[in-house]
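Asks:
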Amino acid sequence: MKLDIRYGANPDDFMHYDTDRLRNDFLVTRLFVPGEIRMTYSHIDRIITGGACPTIPLSLECGREIGTEFFLQRREMGIINVGAPGTVIADGERFPLKKLDGLYLGAGIRNLIFESDNHDDHAHFYFSSAPAHTSHPNCYIDIEKAKKVKMGEPEKANVRTINQYIHPEVCSTCQLMMGLTQLENGSVWNTMPCHTHERRMEVYFYFDIPKDGVTFHIFGRPEETRHIVVRNEEAVINPSWSIHSAAGTSCYSFIWSMVGENQEFTDMDHVPMSVMK
-12 MKLDIRYGAN PDDFMHYDTD RLRNDFLVTR LFVPGEIRMT YSHIDRIITG
38 GACPTIPLSL ECGREIGTEF FLQRREMGII NVGAPGTVIA DGERFPLKKL
88 DGLYLGAGIR NLIFESDNHD DHAHFYFSSA PAHTSHPNCY IDIEKAKKVK
138 MGEPEKANVR TINQYIHPEV CSTCQLMMGL TQLENGSVWN TMPCHTHERR
188 MEVYFYFDIP KDGVTFHIFG RPEETRHIVV RNEEAVINPS WSIHSAAGTS
238 CYSFIWSMVG ENQEFTDMDH VPMSVMK
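Anchor point for the sequence shown: position 78 equals 65 in the numbering used here, and the numbering is continuous, going up by one each time.
1) Helix, strand or coil, according to DSSP, for residue 1 in the structure here?
2) Express the C-alpha separation of residue 250 and residue 155 in angstroms, rounding to a whole number.
3) For the candidate residues 113, 46, 108, whose alpha-carbon lies nearest to that of residue 64?
4) On the DSSP letters alone, give me the boundaries of the beta strand (DSSP E) that residue 225 sits inside.
5) Excluding the five sequence neighbours on either side, which residues of its own chain have a C-beta within less than 6 angstroms of the C-beta of residue 58, listed in chain order?
6) Residue 143 by DSSP, collapsed to three states: which one?
7) Three-state secondary structure (DSSP) at residue 172?
8) Please name the residue, chosen from -11, 41, -1, 92, that lies closest to residue 62 on a Cα-to-Cα basis.
9) So what's residue 246 in DSSP terms, helix, strand or just coil?
10) If you draw a straight line from the alpha carbon of residue 100 to that of residue 21, how long is it in whole angstroms?
11) So, using beta-carbon positions, are residue 159 and residue 35 closer together than 8 angstroms?
12) What are the start and end residues of each continuous beta strand (DSSP E) run of 3 or more residues lying completely inside the stretch 2 to 73, in chain order?
13) Please identify the residue among 133, 235, 125 whose C-alpha is closest to the C-alpha of residue 179.
14) Okay, do the stretch 143 to 153 and the stretch 174 to 191 touch, 3+ Cβ pairs below 8 angstroms being the bar?
15) With DSSP run on the structure shown, which of helix, strand or coil describes residue 261?
16) Can you tell me whether residue 141 is buried or exposed? The criterion is at least 16 other CB atoms within 10 Å of its CB, across all chains shown.
17) Considering only residues of the same chain and omitting the five flanking positions on each side of residue 197, which have a CB-CB separation below 7 angstroms?
18) Looking only at DSSP bridge pairs, what is residue 197 linked to?
19) Leaving aside the five residues before and after residue 240 along the sequence, list all residues of the same chain whose C-beta is less than 6 angstroms from its C-beta, in chain order.
20) If the criterion is Cβ atoms closer than 8 angstroms, does the pair residue 139 and residue 187 meet it?
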């Protein structure tokens, strides 16, 4: 198990970061290394972003950085499989997950194991974990069970479907919210016009990006934006004061994970296009 530590950022300092500093502090790469569980611990709301790529069954261990007896002792977790079929075993209960199936695990799970169904074609379990002061029931969510919200207009190249997996209208959680947005062919923009939500931070994990393509993730204060070039199966940590938007060289998909004060999906501060710089 590999755990990387990232610290928070003051928006006044952020505007002076160069490309290397932005990538070192906010970009999460190499999430799916065969035979490993890799995680990034952000001090922004103490979210943990990770990936498991099992070649053999992989058990999630708890390091000193977590400070508890076992990983989910005081945490909850959301998982979405973006690879080949696999199985998550939580305290002996088996949850088969095909591609785009999701799973919520409440606090208190002692033993968590990731398996690929086929050792030659590995599952890619993407997960987010947040501190939890109470436990909620485990919940399996496939993409058909997710709440679907259609957004965008063809002439603005932003037609997309938001699949809300871990959301109050789908399953109960302590604070974690998680879902998957899919852009339609011909659309490249997400979350534009943009917004902020000071009460929640967010992590974007991008996938379904072609090998010869990239996505430009735009973040920072609306009047002082920056960007990171993102490739397939990479993620970006967004502070709560930051916008979070992107444009790709083609359509793509992304998983969003939110942690913070509330679970009001529509609680956002919209940014007029005239403010953007």
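Just so you know, even glycine gets a beta-carbon here, dropped at the ideal spot from N, CA and C.
Replies: In terms of the structure at hand:
1) helix
2) Each residue's Cα considered, the two are about 7 angstroms apart.
3) Looking at the Cα atoms, 113 is the closest of the given residues.
4) 221 to 225
5) 47, 49
6) helix
7) coil
8) Comparing Cα-Cα distances from residue 62 to each of -11, 41, -1, 92, the minimum goes to 92.
9) strand
10) Answer to the nearest angstrom: the Cα atoms are 15 angstroms apart.
11) No, the pair does not count as a contact, with Cβ atoms beyond the cut-off.
12) You should have 23 to 29, 35 to 40, 62 to 68.
13) Selected option, being the one with the closest Cα: 235.
14) Short answer: they touch.
15) When DSSP states are grouped into helix, strand and coil, residue 261 belongs to the helix group.
16) exposed
17) 237
18) Among the bridge pairs identified by DSSP, residue 197 is matched with none.
19) 169, 194, 195
20) no
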